[in-house]
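Mapping of the sequence shown onto the numbering used here: residues 469 to 1084, in sequence order.
Note that beta-carbon positions come from the ideal geometry of N, C-alpha and C, so glycine has one too.
Taking it in order: structure first as structure tokens, then the write-up.
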Amino acid sequence: MTPIELTPTTLHLAPHHDGSPLYTGPGRPVIGGSVRVWVRAPEAAKVRSISVRTRPDGAMMFTPCEIDTSRTGRAIGGYGISDVWWTAEVPIANPVSRYRFLVDTEEGDAWLQADGVHRYDVTDNADFRLVTYDPGPAWVSEAVVYEIFPDRFARGGPALTAEQVPHWAVPCDWDTEPVQGSGPLTEKQLYGGDLDGIVDKLDHIAALGANTIYLRPIFPAVSNHRYNATTFDQVDPLLGGEAAFTRLADAVHARGMRLIGDITTNHCGDTHEWFRTAMSDPSSAEREMFYFAPDGSYEAWYGVPSLPKFNWRSQLVRDRMTAVIRRWLDHYDGWRVDVANMTGRHAEEDDTVEIAHLVRENARRADPDASVVAEHMFDASADLDADGWEGTMNYAGFTRPVWTWLAGDDAADVDFIGVPGGVPRRSGIATFATMRDFAAQMSWQSWCRSWQLLDSYDCARVRTVVGTVERQIVAAGLQATLPGVPMICAGTEFGLTADSGEWGRIPMPWHRPADRDESLHKVYQELFGLRSTTAALQTGGLRWWYVDDDVLVFSREHAEGSVLVQARRAAGDAIQLPLDALLLDLDGADAISPIDGTVTLPTDGPGIRLWRCAAP
469 MTPIELTPTT LHLAPHHDGS PLYTGPGRPV IGGSVRVWVR APEAAKVRSI
519 SVRTRPDGAM MFTPCEIDTS RTGRAIGGYG ISDVWWTAEV PIANPVSRYR
569 FLVDTEEGDA WLQADGVHRY DVTDNADFRL VTYDPGPAWV SEAVVYEIFP
619 DRFARGGPAL TAEQVPHWAV PCDWDTEPVQ GSGPLTEKQL YGGDLDGIVD
669 KLDHIAALGA NTIYLRPIFP AVSNHRYNAT TFDQVDPLLG GEAAFTRLAD
719 AVHARGMRLI GDITTNHCGD THEWFRTAMS DPSSAEREMF YFAPDGSYEA
769 WYGVPSLPKF NWRSQLVRDR MTAVIRRWLD HYDGWRVDVA NMTGRHAEED
819 DTVEIAHLVR ENARRADPDA SVVAEHMFDA SADLDADGWE GTMNYAGFTR
869 PVWTWLAGDD AADVDFIGVP GGVPRRSGIA TFATMRDFAA QMSWQSWCRS
919 WQLLDSYDCA RVRTVVGTVE RQIVAAGLQA TLPGVPMICA GTEFGLTADS
969 GEWGRIPMPW HRPADRDESL HKVYQELFGL RSTTAALQTG GLRWWYVDDD
1019 VLVFSREHAE GSVLVQARRA AGDAIQLPLD ALLLDLDGAD AISPIDGTVT
1069 LPTDGPGIRL WRCAAP
């Protein structure tokens, strides 16, 4: 066996570094300063020397690493007595400082980057990054987000009367199933959920381990989803108006929880007051806020006429939208930015990074502790690490790889945000490669502040994708244990099913016990309760140990104690790891003791297992 083995089944032999506190010095990087970094090298890697390569001002510089005698020979994070720790100072010359390690071994040299070890020369795309920009509020690292579609979550009072139902809506009983697919009825069905209904269910949310509520749009609109707002100046009376919003915010904050709003920076509704003025008066100041052609046609989100696109090169758009961002942060603790990937992009214009900075700057002016995260369905890396969005909704780097690994028999018929061919079933090796590749395209801080979701109101439910409760538990286990901010779509904890986003907006089955999987609900409470109380799962590093078709093994490394995780989609052969630690099973089962410096993991599956690493 070579000293640095590159196959997924022997990942544990490779030197390791990531951006977590165990491997990078404390404090925010400052231009002109430096940050101490560490590489953890197993003895089996037979490393002779390590240098860190940086690119200050576009130049190339190598700094030799030294062995850190204060760490070498100690059980760091509960294991690793035989590991050798190398360390060096990385100079910070630019807002984003990229670095990698040149590792010299008895078998030759290799590059260590965020996507692993390479025996050949590679581009800078996967270099580690140290970022001087404000990473965002500290509370995000402890957040577990719960997504709510207000119309479908809960009613705090009686159903709407005929007089209260707006002209555009089709009133529905709470037990009426939403229409499937797309069509004129999908956005008209109105169930009458409101903000006071959310207040009534805060016990449920808190018991789940969630401490942050992400609230879908609450501004008045001519649809149930409210992404075609008619104004940003008030809360929809159908939800209870601003008084109900105040009651919700006060109740959430009284529990020490936080509330995230949903803002459409890319567009508004065609009934919005700004757009109506622009349409009716071509000489109005509002006309420049949108993209009008000489024939009077206009740009809209995906060509949908009811969603006219903002022109962010208009100062009036910037002034008015940043005022909206600031105004509602007296109740909200941050924003999720809808279709952030399209905001500021049109033809030759590409101002997204600038707008992201402008939005976040205004959010911080209103509340220095506000968080701003962006919706991206695909690769978000070009828009991150630029003093704008803190992170993204990680559909591409988390949702899809988990779906493809755990896909059930019917997943080929499930739509993943318009990608042809349904959801293919892929190996654990492909899942691992996808996750690591996406994570390597951004800084550790951006990855850890991104929302890791299994589903949302815009896609199929994970239960439909994976097919069985056992596989959903594996998916939830990955969501609770991998880096990033878990985001749970309301109802997923009950095993709700749906093969599309519209069907997935089914009202919560509060009064239908038969439609709630309470055993799954209990597992969610255990998993995310553990997430909310375990430092390693919140801020620990990520080290992959073993990957095969049906199993993923990794650890979350933390100075206070590491956690080892085994996720299986099927039973398989026993896995032996050279781990000199006692594994204490967090679910109360028997501990695993190392024998001759090796631990053997159980073979049962599908399932998720967690152990705390402790020096024997």
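Less than 9 Å separates the beta-carbon of L1045 from that of V1067.
Residues of the same chain with a CB within less than 8 Å of the CB of R504, apart from the 5 flanking positions on each side, are T492, G493, T555, A556, E557 and V558 in chain order. In this chain, the alpha helix (DSSP H) harbouring T745 covers E741 to S748. Excluding the 5 residues flanking it on each side, T902 has same chain C-beta neighbours closer than 6 Å at P869, in chain order. For R795, the enclosing alpha helix (DSSP H) starts and ends at Q783 to R795. One Cα belongs to I897, the other to W607, and the distance between them is close to 33 Å. Between the alpha carbons of W636 and V690 lies a gap of roughly 6 Å. Looking at the backbone, the Cα of P532 and that of L580 are separated by about 14 Å.
For the stretch 874-956, the full-length beta strand (DSSP E) segments reaching 3 residues or more read 919-921 along the chain. If you check the CB distance, N696 and S782 do not come in under 9 Å. Counting the other CB atoms within 10 Å of its CB gives A482 a total of 16 or more, which places it among the buried residues. In the DSSP assignment, F1022 falls within the unbroken beta strand (DSSP E) covering V1019 to E1025. Three or more Cβ pairs drawn from the stretch 561-578 and the stretch 587-600 lie within less than 8 Å of each other, which places the two stretches in contact. Check the Cα spacing between R726 and each of Q702, A611 and L706: the tightest is with A611.
Annotation: P685 to D806 spans about 10 Å, alpha carbon to alpha carbon. In this structure, DSSP gives K777 an extended state, which the three-state scheme calls strand. For I666, there is no enclosing beta strand (DSSP E); the residue is found in the alpha helix (DSSP H) stretching over L663 to D668. Here the C-alpha atom of A1003 lies approximately 13 Å from the C-alpha atom of V953. Each of S924, Q632 and R539 was checked against the Cα of I885, and the nearest Cα belongs to S924. Around the C-beta of N679, 16 or more other C-beta atoms lie within 10 Å, and the residue is accordingly described as buried. Per DSSP, the unbroken beta strand (DSSP E) holding E615 starts and ends at V613 to I616.
Around the beta carbon of Y770, fewer than 16 other beta carbons sit within 10 angstroms, so the residue counts as exposed. Between L988 and W1013, the CB-CB gap reaches or exceeds 9 Å. By the criterion of a C-beta distance shorter than 7 Å, P951 is surrounded in its chain by W915, C916 and L1010, once the five residues flanking it on both sides are discounted. Shown here, W642 sits in coil according to DSSP, grouped into three states, outside any helix or strand.
Here D664 is buried, its C-beta having at least 16 other C-beta atoms within 10 Å. Between R973 and F743, the CB-CB gap reaches or exceeds 9 Å. Taking a C-beta distance under 9 Å as the contact criterion, W871 and V613 do not qualify as a contact pair. Inclusion of V827 and G865 in the CB contact set at 9 Å is not warranted, their separation being larger than that value. Shown here for A543: same chain residues with a beta carbon closer than 7 Å to its own, the five before and five after excluded, namely I549 and A1083 in chain order. In the pairwise beta carbon analysis, the stretch 886-893 is classified as not touching the stretch 822-840: fewer than three pairs are separated by under 8 Å. Around the beta carbon of S752, fewer than 16 other beta carbons lie within 10 angstroms, which makes this residue exposed.
When only Cα atoms are considered, D583 and T790 end up about 37 Å apart.
In this structure, the beta-carbon distance from W873 to R1077 does not fall below 9 Å. Between G802 and V772, the CB-CB gap reaches or exceeds 9 Å. Taking the Cβ atoms as the reference, D926 lies roughly 4 Å from G969, within the contact range of under 8 Å.
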